[in-house]
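The structure appears right after this line, and notes come after that.
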Amino acid sequence: MTDSPVSFYDEVGGHETFVKLVDAFYRGVATDEVLKPMYPEEDLGPAAHRLLMFLEQYWGGPATYGEERGHPRLRMRHAPYHVNPDARDRWLSHMRAAVDGLQLSPLHEATLWDYLQRAAHAMVNTFEPTGIGPSSDGRDATVAPNGPAPGTPRTSIPLIAPPPDVASP
Ligand code: HEM
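Position 12 of the sequence shown, counted from 1, bears residue number 32 in my numbering, the numbering being contiguous throughout.
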C-alpha cells in the first residue's frame, strides 16, 4: 500500500473548512461584550490568524503555528486573561455556532466538538466573576482583587514586613 494516512484536517475539507470555522467564530466574538474587550488588539484579524494556524496544525494540517509561534503552551498564553466559566461558555457558544455552520459528518462533528469542549474547560484559570477588581478590563486575572493597579511593578509590593532594624536604620 502506498496510501498515506489521511488527516482529520484533510477529511473535513482542509484550509477552507478551518477558515470558515474561525471566521464564523470571530464574528461571534466581535459581538460579545465579555470576550471582545479581552482581545488586546482592536482588530481581531491577527487573533483569528493565530487560532486558525493552531487548529490547522493540531488536526494534521500545515505546522505554521509552530514555525511562527513556537510551542503552543496554551494555558500559559491564556494566563493574562480572565477566563472564568462565563467566558468559557461564551467562547463555546460562538464555537458551537461556527461548528454548526460547517455541516460536518456526525463523527467529524462529534470529534471536533469534544476536543473544543475539553480544551475550553482546560483554559479556565479563575472562578472570579467577570468585572471584579483589576480584572474588569478582561486582563490581569492573575492580580488579586486588592492587588496593585495593572502595570505596577511587582517588585514594589512588600510581601512581608522587613525586619525592624532594616526598616528603620
Ligand atoms: C475558554 C475560553 C477562551 C477565551 C476567553 C480565550 C481568549 C483568548 C484571548 C483573549 C487570546 C489573545 C488573543 C491573541 O492575541 O491571540 C487568546 C489567544 C489564543 N487562544 Fe484562546 N481563549 C479561550 C479558549 C481557547 C481554546 C479552547 C483554544 C484552543 C482550542 C484557544 C486557542 C488560542 C490560541 C491558539 C491563541 C493564540 C496564542 C498565541 O500564539 O499567542 N483558546 N485566547
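The beta-carbon is built from N, C-alpha and C at its ideal position, and this holds for glycine as well.
Taking the C-alpha atoms as reference points, what is the distance between A140 and E87? In this structure, the straight-line span from the alpha carbon of A140 to that of E87 is close to 24 Å.
Euclidean distance between Cα positions of Y46 and R95: 20 Å
Would G48 pass as a contact of S113 if the rule is Cβ separation under 9 Å? yes
Beta-carbon separation of G89 and M115 under 9 Å? Per the sequence shown, residue 89 should be read as Arg rather than Gly. It is not a contact, given that the beta carbons lie outside the stated cut-off.
Cα-Cα separation between Y85 and R70, rounded to whole angstroms: 7 Å
If you measure between the beta carbons of F38 and L75, is that distance less than 9 Å? yes
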